[in-house]
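Sequence lines, in order, name chains C and B.
Going by the working numbering, the first sequence opens with residue 1, and the numbers climb by one from there.
Going by the working numbering, the second sequence opens with residue 256, and the numbers climb by one from there.
Built from N, CA and C at the ideal position, the CB exists for glycine as well.
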Amino acid sequence: MAEESPLLVVSGVGYRYGSFNALTDVSFEANPGELIALVGRNGAGKSTLLKSIAGWTRPTDGEVLIMGKKVAREERLIRQYVVLVPDTPPFYDELTSWEHLQFNAQANRKQDWEEHAEELLEKYGLLNNRDAFPFAFSRGMRYKLALCMGLLIEPKILLLDEPLGPLDPVSADNLWRELNGHRDDGMTILLSSHQLPPDAHPDRYIILEEGTAIAEGTPDELRDRFGITGSITLDELLRAAIRERQDELEEETDG
Amino acid sequence: MGDIRALIWLRWRQFKDTAIYWFRVLGYQPNERAFSQNLYVVYLLLIFAFWIYTVGGFVLTSAVTIGAYILPSDVSNLLVLGSQAIFLAQVWVIMTALRSTPIKLSFADMAWVASSPIRRSAPVIVGFARQSLIRIFLLGIAFTLIAALISFTFVGAEYGAIVARAVLVVIPLVVFTWGVGWAIGLLRLIDPRIGRLRYLWFLPLLFVPLAHYFPDPFLWMGRGIVLVIVGSAPVGFVPLLVGLAVGVSIIVLVIGERVNMIHAADESMLYARIQALGLMAWRNPDIQRRIFMQMRQAGRKPFLHLPETQGTMTFITRAGLSYLRHPDLLLMTALWGAALTYFAVEIVVNNAPLQIWILWLVAVGLVPPAGLLHVFQSDRGEMFLRQFLPVDGLQLLIADILLPLIVLIIGAAVGVVVRGLEPELLMTALMIVPIGALLVALSGAVALTTTRVLQTRLLATGGSFGAAILAGVGLGTPLAGLAVALVAAMILAGIVAGEA
Numbered sequence: 001m002a003e004e005s006p007l008l009v010v011s012g013v014g015y016r017y018g019s020f021n022a023l024t025d026v027s028f029e030a031n032p033g034e035l036i037a038l039v040g041r042n043g044a045g046k047s048t049l050l051k052s053i054a055g056w057t058r059p060t061d062g063e064v065l066i067m068g069k070k071v072a073r074e075e076r077l078i079r080q081y082v083v084l085v086p087d088t089p090p091f092y093d094e095l096t097s098w099e100h101l102q103f104n105a106q107a108n109r110k111q112d113w114e115e116h117a118e119e120l121l122e123k124y125g126l127l128n129n130r131d132a133f134p135f136a137f138s139r140g141m142r143y144k145l146a147l148c149m150g151l152l153i154e155p156k157i158l159l160l161d162e163p164l165g166p167l168d169p170v171s172a173d174n175l176w177r178e179l180n181g182h183r184d185d186g187m188t189i190l191l192s193s194h195q196l197p198p199d200a201h202p203d204r205y206i207i208l209e210e211g212t213a214i215a216e217g218t219p220d221e222l223r224d225r226f227g228i229t230g231s232i233t234l235d236e237l238l239r240a241a242i243r244e245r246q247d248e249l250e251e252e253t254d255g
Numbered sequence: 256m257g258d259i260r261a262l263i264w265l266r267w268r269q270f271k272d273t274a275i276y277w278f279r280v281l282g283y284q285p286n287e288r289a290f291s292q293n294l295y296v297v298y299l300l301l302i303f304a305f306w307i308y309t310v311g312g313f314v315l316t317s318a319v320t321i322g323a324y325i326l327p328s329d330v331s332n333l334l335v336l337g338s339q340a341i342f343l344a345q346v347w348v349i350m351t352a353l354r355s356t357p358i359k360l361s362f363a364d365m366a367w368v369a370s371s372p373i374r375r376s377a378p379v380i381v382g383f384a385r386q387s388l389i390r391i392f393l394l395g396i397a398f399t400l401i402a403a404l405i406s407f408t409f410v411g412a413e414y415g416a417i418v419a420r421a422v423l424v425v426i427p428l429v430v431f432t433w434g435v436g437w438a439i440g441l442l443r444l445i446d447p448r449i450g451r452l453r454y455l456w457f458l459p460l461l462f463v464p465l466a467h468y469f470p471d472p473f474l475w476m477g478r479g480i481v482l483v484i485v486g487s488a489p490v491g492f493v494p495l496l497v498g499l500a501v502g503v504s505i506i507v508l509v510i511g512e513r514v515n516m517i518h519a520a521d522e523s524m525l526y527a528r529i530q531a532l533g534l535m536a537w538r539n540p541d542i543q544r545r546i547f548m549q550m551r552q553a554g555r556k557p558f559l560h561l562p563e564t565q566g567t568m569t570f571i572t573r574a575g576l577s578y579l580r581h582p583d584l585l586l587m588t589a590l591w592g593a594a595l596t597y598f599a600v601e602i603v604v605n606n607a608p609l610q611i612w613i614l615w616l617v618a619v620g621l622v623p624p625a626g627l628l629h630v631f632q633s634d635r636g637e638m639f640l641r642q643f644l645p646v647d648g649l650q651l652l653i654a655d656i657l658l659p660l661i662v663l664i665i666g667a668a669v670g671v672v673v674r675g676l677e678p679e680l681l682m683t684a685l686m687i688v689p690i691g692a693l694l695v696a697l698s699g700a701v702a703l704t705t706t707r708v709l710q711t712r713l714l715a716t717g718g719s720f721g722a723a724i725l726a727g728v729g730l731g732t733p734l735a736g737l738a739v740a741l742v743a744a745m746i747l748a749g750i751v752a753g754e755a
């Protein structure tokens, strides 16, 4: 039996802003139903990587393939499979929350979307604000509405940039539960974050430092690699990976 | 008194910071206390003084010379109009005061001034004085020019006294007029029930028809001001005006002590958001416009609903809904079309030189119709929103601009008709209008696909319109211009399809 090709392939992706390398040779794959956490300090290249995958920006090196199709070449086609929710999502000033969902669904020719839209608003606690204009929302509410917009069109890959930052702890727990549900339904989720709820366990972590993927693996693999005991925390993981990286660089310099 | 001194110090520091920014733009580094820098600032000041002296002198002399050609009957008409304009300006000031607070607080003011136990009259006095000074300065310039323009009729070339009287009379006029505005505006900040009367600000408009039927009680001040300028005011008018200005200022002071700063802060939100943008507000007026629109929208319930449609029709109906919720954008687009077309026809009819065409083209490129690309700009500018729109750039543009483009074409056609042309020329002009409107839209859309929006828009507008005008004028037939315009439109459309 032929092995199923991965849903997402990131191959040697690099991104330069002038002479600054925001990303250098980042490669990984993601399969349907995987939840991957992108971890890194500010400016590590997480947002640039997500934008490159979503086709919002074209990498200066390497390529991104979604369902075997090159994002750079078939940018329009892959839009129906990928949604990126940025950390500060923008909205149309003239449309209410509900109209944003309606417009999205109708523009993408979704049938019988109303029930799904209502469910999403209910889940994310926005039902009472369905006829309000999102520009007046708090940051957390804006992020939740953007998520609803993204989820309404049922993408195969959901990319979330700092989804937990603007949310209160209860909403963050709820979001994580919802994301697990979507993962179980076969959606691939890639999120960048500085923090995760205590009970959050991604399938895999990718740790970025100065634009380079310095570590990647399942929680067990990383626990073994960095000698972490007990449940893994992002803080611990990031410090361990950076320490290992610095040791490697020092060794290279000494050598 | 200490409160006022503290506030004046704060405003002076803010003014100084702004001034320092502009000095830095001119190359002066205030932090470097070097001799060369001091010398440079003296040089800048001298240049500035020389510029003011020469340009000011030239403008004044030109105004007097132009005034010599104005017939005395026209001058008297101008003076009658002047007294009416003063009355209308006073009505406008009262309307503005009834719409929003005269005390404008920035976010920092809200945090540190409004929430401090400072005397409430202190920000009122400082704000009123600051606003009055700015108005006196600006209106002083306008009154000076008008006085110079009419001086020849009354005193020949000796315009010194008439200009001096015009400048001096501005002071009590401004203090009285804006004082009344502040007093009314402050009342809203004392009793919020006045602010809740949503359409109260229309009330002063009633004075306009009243002034038509009973001019004396409403126009006396404007007439008096005009008579002061020409030197034949009745004895006692100036002392009366000064007395009124002082009296109103005292009223402002007394009312100001009772102002509720919570209401002032609430009403200052729009100002504070724009003020927080700093120079960005001037560099990117779109942001300012967006903030205005958001604030206006925030107070309203959603008007109309997005119809149940699918695919491309959804884009069209969504754009339509956006414009119907902001009809002012459509109105502005129509007016823009009418004005620019009117001038274009004027240029053609008068066989104006090429330089005038270039001026017209620069105007089209520099100040495009603000509403035309409003929806497309949101769709195109925000990748988060764009990712949900499964159509290419050209399809998106067509759907987004359909309604405003029709409005622009109608406005432009009205411009042609109002200007008036011979029947056969009128038909040709009406044929050119839609393709011209399309070129304006496409040039703007192409500019939005780049980072250098203004430069690209100027280039696209100049290139497309310029080629069409040259072909039309050079070959002596509008059809040649039309053909070139169509080719230009196709090229621009191709760029939009690929890049947006």
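- Mind checking which residues open and close the alpha helix (DSSP H) that includes Val620 of chain B? It is Gly, not Val, that sits at residue 620 of chain B in the sequence shown. Element bounds for Gly620 of chain B: Leu609 to Leu621.
- Message: To be precise: take each residue of the region 528 to 540 of chain B, compare its Cβ to all Cβ atoms of chain C, and keep it if any distance is under 8 angstroms. Which residues remain?
- Response: Residues passing the 8 angstroms Cβ filter: none.
- Where Ala527 of chain B and Arg354 of chain B are concerned, what is the direct C-alpha to C-alpha distance, given to the nearest angstrom? Arg354 of chain B has its alpha-carbon roughly 16 angstroms from the corresponding atom of Ala527 of chain B.
- Span of the beta strand (DSSP E) holding Ile325 of chain B? Boundaries for Ile325 of chain B: no beta strand (DSSP E) harbours it, and the DSSP string shows neither H nor E there.
- Task: Please name the residue, chosen from B:Leu444, B:Val424 and B:Ile439, that lies closest to Leu458 of chain B on a Cα-to-Cα basis.
- Result: When each option's Cα is compared against that of Leu458 of chain B, the closest is B:Ile439.
- Message: Considering Cα atoms alone, identify which of B:Leu333, B:Gln345, B:Val348 and B:Leu499 is closest to Ala403 of chain B.
- Response: Here the closest residue by C-alpha is B:Leu333.
- Would you mind sorting Ser633 of chain B into buried or exposed? The rule is 16 or more other CB atoms within 10 Å of its CB. A residue is called buried when at least 16 other Cβ atoms come within 10 angstroms of its Cβ; Ser633 of chain B meets this threshold and is buried.
- Message: Do Val348 of chain B and Leu441 of chain B count as a contact pair if the criterion is CB distance below 8 angstroms?
- Response: Taking 8 angstroms as the cut-off, the Cβ atoms of Leu441 of chain B and Val348 of chain B do not count as close.
- Message: Less than 8 angstroms between the beta carbons of Leu238 of chain C and Lys46 of chain C, yes or no?
- Response: No; because the gap between Cβ atoms is not below 8 angstroms, this pair is not in contact.
- Ordered along the chain, which non-local residues of its own chain (more than five positions away) have a Cβ less than 6 angstroms from that of Ala22 of chain C? So the list reads Tyr15, Gly45, Thr48 and Gly211, once near-sequence residues are dropped.
- Can you tell me whether Lys271 of chain B is buried or exposed, with buried defined as 16 or more other CB within 10 angstroms of its CB? Counting C-beta atoms within 10 angstroms of its own C-beta, Lys271 of chain B has fewer than 16 neighbours from the protein chains shown and is therefore classed as exposed.
- Task: Indicate the three-state DSSP secondary structure (helix, strand or coil) for Thr216 of chain B in the structure shown.
- Result: Outside the shown range of chain B, which is 256 to 755, sits residue 216 of chain B, and nothing can be said about it.
- Go to Asn21 of chain C, then tell me how far its beta strand (DSSP E) extends in each direction, as first and last residue. Following the DSSP letters along the chain, one finds Asn21 of chain C inside the beta strand (DSSP E) bounded by residues Phe20 to Ala30.
- Query: Roughly how many angstroms separate the alpha carbons of Leu703 of chain B and Arg712 of chain B, rounded to a whole number?
  - Reply: Each residue's alpha carbon lies about 8 angstroms from the other.
- Residue span of the alpha helix (DSSP H) that contains Arg177 of chain C, given as start and end: Its alpha helix (DSSP H) spans residues Pro169 to Asp184.
- Item | Length of the line joining the Cα atoms of Leu101 of chain C and Asp647 of chain B | Approximately 21 angstroms, taken between the alpha carbons.
- Where does Arg529 of chain B sit, in a helix, a strand or coil, going by DSSP? Checking the displayed sequence, the identity of residue 529 of chain B turns out to be Ile instead of Arg. Helix, per DSSP.
- Query: Can you give the Cα-Cα distance for Gly699 of chain B and Ser376 of chain B, rounded to whole angstroms?
  - Reply: Rounded to the nearest angstrom, the two C-alpha atoms are 49 angstroms apart.
- Message: Going by DSSP, what residue range makes up the alpha helix (DSSP H) through Tyr15 of chain C?
- Response: Counting along the chain, Tyr15 of chain C falls outside any alpha helix (DSSP H), though it belongs to the beta strand (DSSP E) covering Leu8 to Tyr17.
- What are the residues of the region 103 to 127 of chain C that lie near chain B, defined by any Cβ-Cβ distance shorter than 8 angstroms? Taking 8 angstroms as the Cβ-Cβ cut-off against chain B, the residues of the region 103 to 127 of chain C that qualify are Phe103, Asn104, Gln106, Ala107, Asn108 and Arg109.
- Taking buried to mean at least 16 other C-beta atoms within 10 Å of its own C-beta, is Arg443 of chain B buried or exposed? Within 10 angstroms of the beta-carbon of Arg443 of chain B lie 16 or more other beta-carbons, which makes it buried.
- Query: Shorter than 8 angstroms from the beta carbon of Tyr17 of chain C to some beta carbon of chain B?
  - Reply: So no, Tyr17 of chain C is outside the interface.
- Query: Residues of chain B with a CB under 8 angstroms from the CB of Val83 of chain C: which are they?
  - Reply: Contacts between Val83 of chain C and chain B, judged by CB atoms closer than 8 angstroms, involve Gln642 and Phe643 in chain order.
- Query: Which chain B residues are close to Arg73 of chain C, counting only those with a beta carbon under 8 angstroms from its beta carbon?
  - Reply: Listed along chain B is no residue with a C-beta nearer than 8 angstroms to that of Arg73 of chain C; the closest approach is about 13 angstroms.
- Output the boundary residues of the alpha helix (DSSP H) element that contains Val39 of chain C. Not the alpha helix (DSSP H): Val39 of chain C falls in the beta strand (DSSP E), residues Leu35 to Gly40.
- Mind the definition here: the region 317 to 331 of chain B touches the region 388 to 408 of chain B only if three or more C-beta pairs lie below 8 angstroms; say whether that holds. Contact between the region 317 to 331 of chain B and the region 388 to 408 of chain B is present, because at least three Cβ pairs lie under 8 angstroms.
- Looking at C-alpha atoms only, which residue of B:Val751, B:His560 and B:Thr564 is the closest neighbour of Leu579 of chain B? The shortest Cα separation from Leu579 of chain B among B:Val751, B:His560 and B:Thr564 belongs to B:His560.
- Message: Measuring CB atoms only, is the region 378 to 395 of chain B touching the region 455 to 474 of chain B, in the sense that at least three cross pairs come out at less than 8 angstroms?
- Response: With a cut-off of 8 angstroms, the region 455 to 474 of chain B and the region 378 to 395 of chain B do not count as touching, because too few Cβ pairs lie within range.
- Item | Of the listed residues C:Asp25, C:Leu8 and C:Ala37, nearest to Pro163 of chain C (C-alpha basis) | Residue C:Ala37 is the option with its Cα nearest to Pro163 of chain C.
- Item | 6 angstroms Cβ shell around Pro357 of chain B - same chain, five flanking residues per side excluded | Answer for Pro357 of chain B: Trp437 and Gly440, listed in chain order.
- Query: So what's Leu585 of chain B in DSSP terms, helix, strand or just coil?
  - Reply: Leu585 of chain B falls in the helix class under three-state DSSP.
- From what residue to what residue does the alpha helix (DSSP H) around Glu754 of chain B run? Bounds of the alpha helix (DSSP H) holding Glu754 of chain B are Pro733 to Glu754.
- Rounded to whole angstroms, what's the CA-CA distance from Met1 of chain C to Leu191 of chain C? Just pull it up for me. Caution is warranted here: a pLDDT of 41 is assigned to Met1 of chain C, below 50, making its placement in the model unreliable, and the coordinate value is therefore given only provisionally. CA-to-CA, the gap between Met1 of chain C and Leu191 of chain C works out to about 32 angstroms.
- Rounded to whole angstroms, how far is the Cβ of Leu714 of chain B from the Cβ of Ala520 of chain B, which I believe are closer than 8 angstroms? Under the criterion of beta carbons closer than 8 angstroms, Leu714 of chain B and Ala520 of chain B do not qualify as touching, at roughly 45 angstroms.
- Is the shortest distance between the beta-carbon of Glu265 of chain C and the beta-carbons of chain B less than 8 angstroms? Outside the modelled stretch of chain C, which goes from 1 to 255, sits residue 265 of chain C, for which no answer is possible.
- Item | contact_flag[the region 313 to 322 of chain B, the region 473 to 483 of chain B] where n(CB pairs < 8 angstroms) is 3 or more | Segments in contact, no.
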